[in-house]
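Asks: In the order they appear, the protein sequences are chains R and H. Taking this note's numbering, the leading residue of the first sequence gets 1, the next gets one more, and so forth. Taking this note's numbering, the leading residue of the second sequence gets 1001, the next gets one more, and so forth. Just so you know, even glycine gets a beta-carbon here, dropped at the ideal spot from N, CA and C.
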Amino acid sequence: MSNLEKYNKIFTQTLGLKEEQLDGLTYQSVPEWDSVGHMTLISALEGEFSIMLDTMDVLDFSSYEKGKEILSKEEYGVDFNE
Amino acid sequence: MSFDELLQIPPYSLGREDKERLLTVRLLELTERHRAGCSRYARILDSTGFDPAKVKDLSGFPFLPVRLFKELSLKSVPQENIVKTMTSSGTTGQAVSKIYLDRITSFNQQKAMIKIVSDFTGSSRMPMIIIDCPSVVKDRNMFSARGAGILGFSMFGSKRIYALNDDMELDTEALRGFLDEHANRPILLFGFTFMIWQHFYKELIRLGDQGITFDLSNGIIIHGGGWKKLVSESVSQEEFRTHLRDVCGLDKIHDYYGMVEQTGCIYMQCEYGHMHASVFSDVIMRRPLDFAPCRVGEKGIIQVLSSIPESYPGHSILTEDEGVLLGEDDCPCGRKGKYFEIVGRLKNAEIRGCSDTYAAKFN
C-alpha cells in the first residue's frame, strides 16, 4: 500500500468518511473531525507511519492537504510521491 | 498588532517595559474591536467614560466583573462565526458563563497554551495519564470547562490513558500496563487538584498498605482547578506536593491558574512554587476599596488581562479570586514577567473551578 493510500485509509477509518470527501476537507468542517476526532486521527497517523508529531504540528494539522504537507517535512519523512 | 506577532516571542522572555508596551498596544486594539463589535460592551465603556488616549499602561484598561459573562451574552462577532461555546464549571443550579469563540480565537488559545506549557515540559509530546474519567469528554457538542481542559492538555500526550473509570475508580490494571509499556520515559500526568487527591492519591495510599505500589518518578504532573476543597480538608499546597512525592515518587508538580473566560492564557507554577504570567497575558492585584493596583506583597483582587479574545470582550476581567504579587522579572527560576500566588476566593464568591465544583458533591 502506498503512503497516500495509508494516509487516506486512516482518514476514512478514524473519521468514518468516504474517500470522495477527503479533498479539501478541513478541521471542524464535518462533525467527526472535532477536537476529539483530531486526537484520534493524529494518534492513528503516528502509529501507521511510526512517527511522533511535534505539539505545534498537531495544532497546525488543519486540513487533509495541510496534513500531507506536515508529514512530508524532513523530520517525519513521509513521501507521498512514492 | 496581530496575536501572531506575540506568538513569535518566547513566553517568559520579555522584561517589564517591553511587555507593558506590547500588551498595551494589543489590548487597546482589542478594546476598540469589541467596542465596534459588541454594543453592550460599547455601552459599558461609555458609562465608565473610557478614553483610549488616556491609557498609559496596562492598569488603565476598564475591567468587566467575571460574573457578567453569566448574566449577559457578550460577543463581538456575528453568530455564524462562532465555532465553539465554552461554559464555566458550576455546581448544580449555578448559572454558568458562556464564552463564544470564533475560529481564530479558539486557535490562538491553543497556540498560546502550547507555548506556555512547552516551556515547562519541552516541545516533544509524552505518554500521558489523564487523572479523570473518559466520559468527561464524551459529550462533544457541549464542552464543559473540565472537558475542555482535558482536551486542551491532550495535545501534549502521545499515547493517552484515563486513569479513572466512569465510576471515578482508579483503573490499576490499565495504569500498570501503561507504566510498564513506557518504563524509563518521561510521562505527563494531568488532572484537577481535588480529583487527584480524592481518587488518585488516596487510592495509592490504600493500595500501598496492601503492598501495591506505582513508580511515577519519571512523571511530570500538571494540575489545576481550585484548592478550596483541599483547604477545607486542611491539605496545604506543600502537603499536597510532599504526599504525592512520598506515595509514588512524583517530583515535578505544577499547579496552574486559569479560567474559561480566558482559556489559553494559563498561569503555570514554576519550580519555586510561583505562578507566572506569560507574554500573552498579565495580572494586576487590586485593592478592594478603590481598585487601585496593589504593591508587591499586598493582597488584592486579581484582574486578568489576555491578548487573545477577539470574539468576545473578555480581554480584561476582574476575577473573584485574591492573590499577592510576589515580584516581577526576578523569580529565581529565571522566567521574566510577574509572578504571584493565589490566596483564595473572595468571601461569598460562588464556588467555581473544575476541581471545586466537583468537590462540592462531597460535602
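1. Tell me which same chain residues have a C-beta within less than 8 Å of the C-beta of residue 1110 of chain H, skipping the five on either side of it?
2. Using a Cβ-Cβ distance under 9 Å, would residue 41 of chain R count as near chain H?
3. Could you check whether residue 1260 of chain H and residue 1087 of chain H sit closer than 9 Å to each other, using their CB atoms as the reference points?
4. Can you find a CB in chain R that lies within less than 9 Å of the CB of residue 1198 of chain H?
5. From which residue to which residue does the beta strand (DSSP E) around residue 1191 of chain H run?
6. Rounded to whole angstroms, what's the CA-CA distance from residue 1345 of chain H to residue 1237 of chain H? Just pull it up for me.
7. With burial defined as no fewer than 16 other Cβ atoms inside 10 Å of the residue's Cβ, what is the status of residue 73 of chain R: buried or exposed?
8. Who are the Cβ neighbours of residue 1066 of chain H in its own chain at under 8 Å, not counting the five residues just before and after it?
9. Comparing C-alpha positions only, which one of H:1146, H:1145, H:1148, H:1181 sits nearest to residue 1161 of chain H?
10. Taking only the alpha-carbon atoms, compute the straight-line gap between residue 1343 of chain H and residue 1071 of chain H and give it to the nearest angstrom.
11. Do residue 1404 of chain H and residue 1310 of chain H have their CB atoms nearer than 9 Å?
12. Here's the rule I'm using: 16 or more other beta-carbon atoms within 10 Å means buried, otherwise exposed. How should residue 1183 of chain H be labelled?
13. Tell me, please, whether the CB atom of residue 55 of chain R is closer than 9 Å to any CB atom in chain H?
14. Please list the partners that residue 1111 of chain H has in chain R, where partner means a Cβ-to-Cβ separation under 8 Å.
15. Please state the DSSP three-state secondary structure of residue 1418 of chain H.
16. Pull up the CB-CB distance for residue 1207 of chain H and residue 1172 of chain H, whole angstroms please, since I reckon it's below 8 Å.
17. Contact between the stretch 1242-1257 of chain H and the stretch 1288-1298 of chain H: three or more CB pairs below 8 Å?
18. Please list the terminal residues of the continuous alpha helix (DSSP H) segment that includes residue 1069 of chain H.
19. Please confirm whether residue 1155 of chain H has its beta-carbon closer than 9 Å to some beta-carbon of chain R.
20. Run the CB neighbour count on residue 1198 of chain H, radius 10 Å, all protein chains shown included, and call it buried at 16 or more, exposed below.
21. Tell whether a beta-carbon distance below 9 Å holds between residue 1248 of chain H and residue 1280 of chain H.
22. Answer with buried or exposed for residue 1126 of chain H, where buried requires no fewer than 16 other C-beta atoms within 10 angstroms of its C-beta.
23. Taking the straight line between their C-alpha atoms, what separation do you get for residue 1176 of chain H and residue 1129 of chain H?
24. What number of angstroms, rounded off, separates the C-alpha of residue 1332 of chain H from the C-alpha of residue 1325 of chain H?
25. Please report whether the beta-carbon of residue 65 of chain R lies at a distance below 9 Å from any beta-carbon of chain H.
26. Following the continuous alpha helix (DSSP H) through residue 1109 of chain H, name the residue where it begins and the one where it ends.
27. To the nearest angstrom, how far is it from the Cα of residue 82 of chain R to the Cα of residue 1117 of chain H?
28. Roughly how many whole angstroms lie between the Cα atoms of residue 38 of chain R and residue 1289 of chain H?
29. Taking the alpha-carbon positions, what's the residue 80 of chain R to residue 17 of chain R distance?
30. Go ahead and pull the three-state DSSP assignment for residue 63 of chain R.
31. Tell me, to the nearest whole angstrom, how far the beta carbon of residue 62 of chain R is from that of residue 14 of chain R; I am working on the premise that it is less than 8 Å.
32. In the DSSP assignment, what residue or residues form a beta bridge with residue 1324 of chain H?
33. Out of curiosity, what's the CA-to-CA distance linking residue 4 of chain R and residue 66 of chain R?
34. Just to confirm before moving on: does the CB-CB distance between residue 7 of chain R and residue 48 of chain R stay below 9 Å?
35. Of the residues H:1033, H:1050, H:1102, H:1094, which one's Cα is nearest the Cα of residue 28 of chain R?
36. For the beta strand (DSSP E) that residue 1157 of chain H lies in, which residues bound it at each end?
Replies: In short:
1. Around residue 1110 of chain H: 1152, 1155, 1264.
2. No, residue 41 of chain R lies away from the interface with chain H (no Cβ there is under 9 Å from its Cβ).
3. yes
4. no
5. 1187-1192
6. 15 Å
7. exposed
8. 1097, 1259, 1261, 1317, 1318, 1319, 1320
9. H:1181
10. 26 Å
11. Only positions 1001 to 1363 of chain H appear in this structure, which leaves residue 1404 of chain H out of reach.
12. exposed
13. yes
14. Result: 56, 59.
15. Here chain H comprises residues numbered 1001 to 1363, so residue 1418 of chain H is not present and cannot be evaluated.
16. 7 Å
17. no
18. 1068-1071
19. yes
20. buried
21. no
22. buried
23. 11 Å
24. 15 Å
25. Chain H contact via Cβ: absent.
26. 1103-1121
27. 37 Å
28. 48 Å
29. 21 Å
30. DSSP places residue 63 of chain R within a strand segment (E or B) once states are collapsed to three.
31. With 8 Å as the limit, residue 62 of chain R and residue 14 of chain R do not qualify as a contact, their Cβ atoms being about 16 Å apart.
32. H:1299, H:1341
33. Near 14 Å, if we compare the C-alpha coordinates of residue 66 of chain R and residue 4 of chain R.
34. yes
35. Nearest C-alpha to residue 28 of chain R: H:1102.
36. For residue 1157 of chain H, the enclosing beta strand (DSSP E) covers residues 1157-1162.
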